[in-house]
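Enquirer: So the sequence shown is numbered by numbering that gives the first Met the number 0: it starts at 0 and just counts up by one.
All residues carry an ideal CB built from backbone N, CA and C; glycine is no exception.
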Amino acid sequence: MPLAVRFDEYGDIDVLKVVEVTRPVPGPGQVLVKMMAAAINPGEASIRKGLLHTMWPATFPSGQGSDLAGIVAEVGPGVTRFAVGDEVLGFVDTRSSHAELVVAAVDNLVARPGSVAWDVAGSLFVAGTTAYAAVRAVRLVPDDTVVVSGAAGGVGSLAVQLAIDAGATVIGLASPGHHQWLASHGVIPVGYGEGVAERIRKASDGHVDAFVDTFGGGYVEMAIGLGVSPDRIDTIIDRAAAQEYGTKLDGSAAAATTEVLVELAGLIAEGRLEIPIAKTYPLAEVREAYRDLEQRHTLGKIVLEP
Ligand SMILES: NC(=O)c1ccc[n+]([C@@H]2O[C@H](COP(=O)([O-])OP(=O)(O)OC[C@H]3O[C@@H](n4cnc5c(N)ncnc54)[C@H](OP(=O)(O)O)[C@@H]3O)[C@@H](O)[C@H]2O)c1
């Protein structure tokens, strides 16, 4: 029987289990995918802890996971877009991709370009569409200066590259260990913590046009203090600050289309976009993977593989 991640109650990492489940069956408009890679995301940890119960309640036993890349193992009735053996990437909106076999809607999948590695393909959806939406929201034009907080994280590491691609000067906030990676991608690295606003002023010659916040905890207020107009600030996490200051709040949902997935996969295939893979874990080590993620110091993505 195939293995899948499950949890039966809200709680800490230890509620996560990897259990045998009955083989899922694809319905009309669906395929069964043999998972080759499925990234993990901080939002899943928040859901598991019950922190998002009001907005997105869990029903138990709950599965987990949105990001998905794999090989079509079975097609549902009437499906013609994909055939058994096709290599796909995309997502599920059923919290179920952290599993050996995953039922996915064909509308949420695109073909995996052969040159996009499995771990990268399985990391693309959440971080990619979120970075895409956040960068689009602040409407960069060449010679703008934009600051990205959490610049080395799953979303931030992609946002900085998309912003560079748009012709902007990009200042990325990260810990010193990640400055070299940022600099090697054309980003001006700046350390966060005490004095960060002053360091940004210095790095930007006192003029910041836009701000992409992927970390929360006061960066929206800081962006306002730096003189950035609220309609050129996007936070993917600080809903309260977005409401208070009237900033953008575009995240994954604003760009969760197969067109965007195809575009991002194309950029990766062309070597214009890199998803750094911090580490891969076997599905059986899902708890270790989240222990790692929940340190909140990842460069890029952490990925589960079968
Ligand atoms: N709205 C949406 O659709 C959406 C979608 C995806 C994610 N999110 C949310 O967005 C956030 C980021 O997601 P992610 O996947 O990018 O997370 P992640 O990969 O875990 O990002 C962690 C990053 O945060 C940085 N960081 C830690 N402390 C910091 C600080 N004080 N100031 C600035 N940066 C700091 C770390 O940088 P260093 O390692 O350099 O310290 C690390 O690179 C999460 O809260 C997630 O829930 C929202």
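Take every Cβ of the segment 268-276, pair it with every Cβ of the segment 139-148, and state whether three or more of those distances are shorter than 8 angstroms.
Expert: no
Enquirer: Comparing C-alpha positions only, which one of Gly49, Val32, Gly215 and His296 sits nearest to glycine 121?
Expert: Closest by alpha carbon: Val32.
Enquirer: Out of Lys48, Phe214 and Glu197, which one is the CA nearest neighbour of alanine 158?
Expert: Phe214
Enquirer: From which residue to which residue does the alpha helix (DSSP H) around valine 83 run?
Expert: That residue, valine 83, is in no alpha helix (DSSP H); it is neither H nor E in DSSP.
Enquirer: Bridge partners of glutamine 160, per DSSP?
Expert: Bridge partners of glutamine 160: none, in fact.
Enquirer: Taking just the CA atoms, how far does isoleucine 236 sit from alanine 68?
Expert: 26 angstroms
Enquirer: In terms of residue numbering, what span does the beta strand (DSSP E) encompassing glutamine 29 cover?
Expert: 29-38
Enquirer: How far does the alpha helix (DSSP H) with threonine 128 in it reach, from first residue to last?
Expert: 123-136
Enquirer: Going by CA-CA distance only, name the one from Tyr218, Thr257 and Ala255 that's closest to alanine 239.
Expert: Of the listed residues, the one whose Cα sits closest to alanine 239 is Tyr218.
Enquirer: Suppose contacts are defined by Cβ-Cβ distances below 8 angstroms. Is valine 83 in contact with alanine 72 by that definition?
Expert: yes
Enquirer: Per DSSP, which one or two residues make a beta bridge with phenylalanine 59?
Expert: DSSP output for phenylalanine 59 lists no bridge partner at all.
Enquirer: Leaving out the 5 sequence neighbours to the left and right, which residues in its chain are closer than 6 angstroms to glycine 64 when beta-carbon positions are compared?
Expert: Ala37, Ser96 and His97
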